[in-house]
Each structure stands twice: as structure tokens, then as C-alpha cells.
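Visitor: Note that the sequence shown covers residues 12 to 172 in the numbering used here. Glycine is no exception: its CB is placed at the ideal position from the N, C-alpha and C atoms. Structure incoming, see below.
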Amino acid sequence: MIGGVPVNLPLRTEDEALMALALDEAAACAERGEVPVGAVVVSADGVVLARGRNRREEDKDPTAHAEIMALRAAAAAIGSWRLLGCTLVVTLEPCAMCAGAVVLSRVSRLVLGAWDPKAGAAGSTRDIVRDARLNHRVDVRGGVLEVESAALLRSFFATRR
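What follows is the structure in C-alpha cells.
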């Protein structure tokens, strides 16, 4: 169980195991009043380099999205802004800002949980991460633990409406 949301076990793939870590981050930030989005950056050899969670309210920073926090920490961990070979795992489809950061950091792969039909920029409203006009494109796998990711968001917003 992550943040009161049941996780379908056993985890069948590495992507699902990593998404469970991202869901842990999301649940932790929900407890602090942040929109529950969590992220994990993993190296090409499967080492977790960084975790991130939304911190916009806490930091009073409009750019403190989970993806940005995780990308910054991963870059610091390896000593380079180039995250070639890395995978970003995030519980919600990245917005335009975060999708741009994914491209600019040269992340090789994006694994996302819930799709965001209102603001998602990795296939829903636009597809920044795979735009052929940009200098880098990202492989995307969506819908990993989608039910759990969406349930956590729904639960969070249900208590605020």
C-alpha cells in the first residue's frame, strides 16, 4: 500500500518497481499539502541516482516539480547535466516545462504512470519529448501503475474540493 492506495503486487517488471518508488515520493509530498507527484532517475545500469517530489508550496517555487527536482539531483549525483542513458520514472505525465527539461537533460527514457489529458506534454496535449524538430528524442512508456498513480491524485484533490 502506498499512501493508502493499494499497489498491485507482485511487481512484474523493473519499471513497476521503480514506479512504486516514485509513488512513495508522491505519497510523501501529499502529506505535506503538495500535489502528489513523485519521480525517480535511474542510471543505465539500474542504479537509483535521485528521487524527487513536488515542492512548489514548500519552496515557494513554481518550477519545483517532481521531475525538475529529480533531474537536478541526478545531475549533481553524476556531476553532469547530460543524463544520457538514464530513465526518468514519474507518476504523472510531465507538463511542457518538465518535458522540455527531460529533452534538454538528454534523458534516454521516460516511464510515466497516469496520463494528463489537460497538461501532459509527452503524448496527451502535445509530444515535446518526441518532437523531431528538437535535438533529442526520448523513448516513452506510459501507463505503468496508472491506476495507482491516478488514484493518489484523485484522492488528494477529492479532499480539497
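Identify the residues that DSSP records as bridge partners of L72: which are they?
Guide: By one-based count along the sequence shown, residue 72 stands at place 61. The displayed chain sequence assigns Asp, not Leu, to residue 72. DSSP output for D72 lists no bridge partner at all.
Visitor: Would you kindly work out how many angstroms separate the C-alpha atoms of P17 and P73, rounded to a whole number?
Guide: In the sequence shown, the residue the question calls residue 17 occupies position 6. In the sequence shown, the residue the question calls residue 73 occupies position 62. Note that P17 has pLDDT 43, beneath the 50 cutoff, so the model's placement of it is unreliable and the number below is only indicative. Each residue's alpha carbon lies about 30 Å from the other.
Visitor: Please give the ranges of any beta strand (DSSP E) in the region 85-120, keeping only runs that are unbroken, at least 3 residues long and fully inside the region.
Guide: DSSP runs (the beta strand (DSSP E)) wholly in the region 85-120: 98-103.
Visitor: With respect to the alpha helix (DSSP H) encompassing A50, which residues constitute its N-terminal and C-terminal limits?
Guide: The count along the sequence shown starts at 1 and reaches residue 50 at position 39. A50 -> not in any alpha helix (DSSP H); beta strand (DSSP E) instead, spanning G49 to V53.
Visitor: By the 10 Å Cβ neighbour count, where 16 or more other Cβ atoms means buried, how is P105 classified, buried or exposed?
Guide: Working through the sequence shown from its first residue, we reach residue 105 at position 94. Result: buried.
Visitor: Can you have a look at V58 and say buried or exposed, based on whether 16 or more other CB atoms are within 10 angstroms of its CB?
Guide: Working through the sequence shown from its first residue, we reach residue 58 at position 47. When all chains shown are included, V58 counts as exposed.
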